[in-house]
Ligand code: SF4
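In this note's numbering, the protein residues as written are 943 to 1317.
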């Protein structure tokens, strides 16, 4: 019987076994409302290189977009569907595209489409529930947003997220920017996007870069591994930087993908060379099916310390952040840690929440030689 059928892995995952995992994942995704596998051609080339170098499909790039063996077995307990409580922060009745959690900024999700699908995605439940991507929907939801902002003059920033806003057609982006820039209260339009890692060709149209520059947006990428910052990506970044578009990165800390200080350091250094400033490293949230990617809090804090100890101050400023039901929390917000039960209490602005730590027996660190297979 195969390792897949028994659930007892032996050796590394072969391409044939990966094909079985992919098929089995299709059933799991349909049952548990997870995103289906979607790997753009550009990223597939990188997967092919990774497979050729390693001889198996357990490399960091594969782990981001293809299901691993432990996708079907690893469960950590205390996992929830919506850790950050997005659904309680949707203020417009009937709309699932507007999230208002912090007084000064609003999240707008004009599309549920992404250029590729990440296995670790923290927002799968919202995306799989999301609206159809038709122009009428974008226009209607934009109307909702503009009306809502009219009632909230304290909001000065709109964050476009999704889905991936940069998969939208130019005319939709143009419409969104025009309507938002017509509001004097809006000082900043921020776009969260992984499109550049998945499909840099989307930036091939100079009109798109013109539009982003004219709208004076901030682009926040989600590069999670240094091999995502390749020459094609650097070429686009240099064109964006030449137009003086402000470029940032934040990314999740993921077991088996980037859970080694050498990977983290290389990623933020490569991005800095490309004029991209890394802001935050996000802790994986304890949502359903997150166990293959989570780490113990002890190991997360040790990685943060190792990065701080071995890097210059511009890297030291990167914040390790846990998104939570009460907002963004960091290590200084920990007020109690019950090691017997794994319950960690965070307190921020007078509000507290309990974070279930990841069980140490499940936390098998990524191996440096696999994580950095190019050496
Ligand atoms: S690009 Fe972002 S929103 Fe889309 S699947 Fe990946 S993590 Fe989720």
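For glycine and all other residues, C-beta sits at the position ideal for the given N, C-alpha and C.
The three-state secondary structure of residue 968, taken from DSSP, is helix. Within the same chain, Cβ atoms closer than 7 Å to the Cβ of residue 1300 are found at 1018, 1236, 1237, 1238, the five residues on either side in sequence being excluded.
A Cβ-Cβ distance of about 7 Å is found for the pair residue 1191 and residue 1162, placing them in contact under the 8 Å criterion.
In this structure, 1083 is the residue among 1143, 1083, 1280 with its C-alpha nearest to the C-alpha of residue 1114. Straight through space, the alpha carbons of residue 1054 and residue 1045 are spaced by roughly 24 Å. Distance from the C-beta of residue 1265 to the nearest heavy atom of the ligand SF4 is not below 7 Å. Scanning the segment 1159-1237 for uninterrupted alpha helix (DSSP H) segments of 4 residues or longer gives 1173-1184, 1203-1215, listed from N- to C-terminal end. When DSSP states are grouped into helix, strand and coil, residue 1079 belongs to the helix group. Distances from the CB of residue 1230 to the heavy atoms of the ligand SF4 are all 7 Å or more. Looking from the CA of residue 1129, the closest CA among 1088, 1224, 1100, 1308 belongs to 1100. Assigned with DSSP and collapsed to three states, residue 1256 falls in helix.
For residue 1059, the CB falls within less than 7 Å of some heavy atom of the ligand SF4. Counted as a single uninterrupted DSSP element, the alpha helix (DSSP H) harbouring residue 1004 occupies residues 1002-1007. Ranked by Cα distance from residue 1261, the first of 1206, 1011, 1199, 987 is 1206. Taking C-alpha positions only, residue 1232 is separated from residue 1004 by approximately 16 Å.
Placement of the Cβ of residue 1065 at a distance of less than 7 Å from at least one heavy atom of the ligand SF4 is found. Annotation for residue 983: the continuous alpha helix (DSSP H) segment containing it runs 983-996. Per DSSP, residue 1099 is one residue of the beta strand (DSSP E) stretching across 1099-1102. Counting of Cβ neighbours within 10 angstroms places residue 986 among the exposed residues, the total staying below 16. In the DSSP annotation of this structure, the continuous segment of the beta strand (DSSP E) that includes residue 1263 starts and ends at 1261-1266. DSSP places residue 1277 in the uninterrupted beta strand (DSSP E) bounded by 1276-1280. When the alpha-carbon of residue 1266 is set against those of 1225, 1283, 1196, 1040, the nearest one is in 1225. DSSP links residue 1298 through a beta bridge to 1285. Relative to the ligand SF4, the nearest heavy atom lies less than 7 Å away from the CB of residue 1136. Three or more Cβ pairs closer than 8 Å define a contact, and the segment 1017-1032 falls short of that threshold against the segment 1241-1252. For residue 1138, the closest alpha carbon among the candidates 992, 1176, 966 is that of 1176.
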